[in-house]
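Undergrad: Numbering (our numbering), first residue to last: 25 to 212.
Before anything else, here's the structure in question.
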């Protein structure tokens, strides 16, 4: 489907020179003089190479047809990450470069959204929040309850984040999958 460059957004998949690219950032720039342009940074799906392109905002760009489906995460091995479609029980293998930096947040039986182009996974979307356990942090210090500063903590998935002073080792917390930031104590 052909669209104008100014309508391209982060997460869109575009087709250029017979290859698919996932859009990482898309910014419309309106200089004081001259023609407005769309600055688009994207990653080639086939090999992970990042490129940056500049289009006039009125240029036509081929946006690929993408289907989103819910899949359940099964396991990870040397070949990549394995997911199952809950509707028809088809299994699909997703390469590590498609999963990218969200890999530590994947948990067994987690339902994720996979974006497919001609049944090939091109992008993954995790739930916004995930519950993890604190496995390492400084001990709780009495009298620090009013402080707004965070202390470093290691989570059960190996990611470091900042937590409030009252959080101790063994506490289950909710973090954002986008950046690993602390949200709240888990209510379970």
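Ideal Cβ placement from N, Cα and C applies to all residues, glycine included.
From a predicted model like this one, the values you see are computed outputs, not experimental measurements.
Just verifying my parser: in three-state terms, what is the DSSP assignment at residue 199?
TA: strand
Undergrad: DSSP state of residue 186, grouped into three classes?
TA: In this structure, residue 186 counts as strand in the three-state DSSP scheme.
Undergrad: Given this structure, state the Cα-to-Cα distance separating residue 68 from residue 118, to the nearest angstrom.
TA: 15 Å
Undergrad: Does DSSP put residue 60 in a helix, a strand or coil?
TA: coil
Undergrad: DSSP state of residue 35, grouped into three classes?
TA: In the displayed model, residue 35 falls within coil according to three-state DSSP, outside both helix and strand.
Undergrad: Could you check what DSSP says for residue 121 in three-state terms: helix, strand or coil?
TA: helix
Undergrad: Note down, in chain order, each residue of its chain lying with its Cβ closer than 7 Å to the Cβ of residue 149, except the 5 sequence neighbours on either side.
TA: Result list for residue 149: 136, 137, in chain order.
Undergrad: If you measure between the beta carbons of residue 122 and residue 147, is that distance less than 8 Å?
TA: Yes, these two residues count as a Cβ contact at 8 Å.
Undergrad: With distances taken Cα to Cα, identify the nearest neighbour of residue 131 among 194, 180, 86.
TA: The option with the nearest alpha carbon to residue 131 is 180.
Undergrad: Who pairs with residue 145 in a beta bridge, going by DSSP?
TA: Paired residues: 140.
Undergrad: Can you tell me which residues form a DSSP beta bridge with residue 112?
TA: DSSP, once it has assigned bridges, lists no residue as partnering residue 112.
Undergrad: Would the beta-carbon of residue 32 fall within 8 Å of that of residue 86?
TA: It is not a contact, given that the beta carbons lie outside the stated cut-off.
Undergrad: Quick one: any contact between the segment 73-86 and the segment 34-50, if contact means 3 or more CB pairs under 8 Å?
TA: The segment 73-86, when compared against the segment 34-50, does touch it at the 8 Å Cβ threshold.
Undergrad: I'd like to check one pair, residue 139 with residue 212: are the Cβ atoms closer than 8 Å?
TA: no
Undergrad: Residue 163 to residue 192, Cα distance in whole Å?
TA: 6 Å
Undergrad: Could you have a look at residue 126 and say whether DSSP puts it in helix, strand or coil?
TA: Here residue 126 sits in helix by DSSP.
Undergrad: Could you check if residue 61 is buried or exposed, using at least 16 other CB atoms within 10 Å of its CB as the buried criterion?
TA: With a 10 Å radius around the Cβ and a threshold of 16 neighbouring Cβ atoms, residue 61 comes out buried.
Undergrad: Expressed to the nearest angstrom, what Euclidean distance is found between the alpha-carbon atoms of residue 113 and residue 99?
TA: 15 Å
Undergrad: So residue 178 is in the beta strand (DSSP E); what residue range does that whole segment cover?
TA: Its beta strand (DSSP E) spans residues 175-179.
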